[in-house]
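One structure is given here, and the rest of the page talks about it.
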Amino acid sequence: TQPDFAVAWSNLGCVYNTQGEVWLAIHHFERAVTLDPNFLDAYINLGNVLKEARIFDRAVYAYTRALQLKPDHAVVHGNLACVYYEQRFIDLAIDTYRKAIEIEPHFPDAYCNLANALKGAGLPPQCKGSGGMLQQSFETLSQPRGFFKTILANIKERVWNG
Numbered sequence: 060t061q062p063d064f065a066v067a068w069s070n071l072g073c074v075y076n077t078q079g080e081v082w083l084a085i086h087h088f089e090r091a092v093t094l095d096p097n098f099l100d101a102y103i104n105l106g107n108v109l110k111e112a113r114i115f116d117r118a119v120y121a122y123t124r125a126l127q128l129k130p131d132h133a134v135v136h137g138n139l140a141c142v143y144y145e146q147r148f149i150d151l152a153i154d155t156y157r158k159a160i161e162i163e164p165h166f167p168d169a170y171c172n173l174a175n176a177l178k179g180a181g182l183p184p185q186c187k188g189s190g191g192m193l194q195q196s197f198e199t200l201s202q203p204r205g206f207f208k209t210i211l212a213n214i215k216e217r218v219w220n221g
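Here it is, written out as structure tokens:
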């Protein structure tokens with residue numbers, strides 16, 4: 060066996076997470092990042108498990124560390140924004156969703172979550188503070204067919220008809 064093989068620890072973390080063994084998953088992901096402090100996927104998986112377990116302070120750390128390793132990872136920005144939103148740091152969540160969208164303009168989950176955060180803050184998406192970002196994004200997303208068009212319709216329905 061190779062007790063210092065970070066990938067094996069991370070893979071076991073994934074197995075334990077799939078089995079619903081959250082604490083074992085957390086332990087294995089933490090061991091993986093201890094063995095390899097530059098193991099991006101282990102930090103992301105650790106953040107995901109911590110977010111689901113509602114251990115938000117540690118999830119923020121894991122996602123922040125992942126972003127230090129790969130600052131342009133839109134999904135990690137989106138996950139971090141979800142944690143901020145759950146902690147009721149709405150302004151920070153909004154800014155972080157915007158960063159995710161800036162990095163990946165075709166990121167439907169980030170648009171939907173941003174719309175919900177803006178709505179939760181009492182701000183319609185086309186009003187002050189959003190800079191028309193969602194309306195412009197709706198127009199951009201309406202160009203492609205299929206998936207994005209469906210997502211666009213769902214977002215519009217949720218935001219404007221609540």
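Using this note's numbering, read the sequence shown as starting at 60 and increasing by one per residue. Note that the Cβ used here is the ideal one computed from N, Cα and C, for glycine as well.
Entirely enclosed beta strand (DSSP E) segments - the region 104-158, minimum 3 residues = Entirely contained in the region 104-158, not one beta strand (DSSP E) run reaches 3 residues.
Using DSSP with H/G/I as helix, E/B as strand and the rest coil, what is G79?
-> DSSP, reduced to helix, strand and coil, places G79 outside both helices and strands of the structure shown, so it counts as coil.
Secondary structure of A169, DSSP reduced to three states = In the three-state reduction of the DSSP assignment, A169 falls in the helix class, which pools H, G and I.
Give every residue of the same chain whose Cβ lies closer than 6 Å to the Cβ of R94, excluding the five residues on either side of it in the sequence, and list them in chain order.
-> This sequence places Leu at residue 94; Arg is not what is there. Result list for L94: D63 and A65, in chain order.
On a CA-only basis, which of P164, V142 and E161 is nearest A176? Give me that one, please.
-> The shortest C-alpha separation from A176 is found at V142.
Roughly how many angstroms separate the alpha carbons of K129 and L99, rounded to a whole number?
-> In a straight line, the C-alpha of K129 is about 8 Å away from that of L99.
DSSP state of F64 mapped onto helix, strand, coil | Looking at F64 - three-state DSSP - the assignment turns out to be coil, as it is neither helix nor strand.
Which class does A229 belong to by DSSP, given the choice of helix, strand or coil?
-> Residue coverage of the chain in this structure runs from 60 to 221, which leaves residue 229 outside it and unanswerable.
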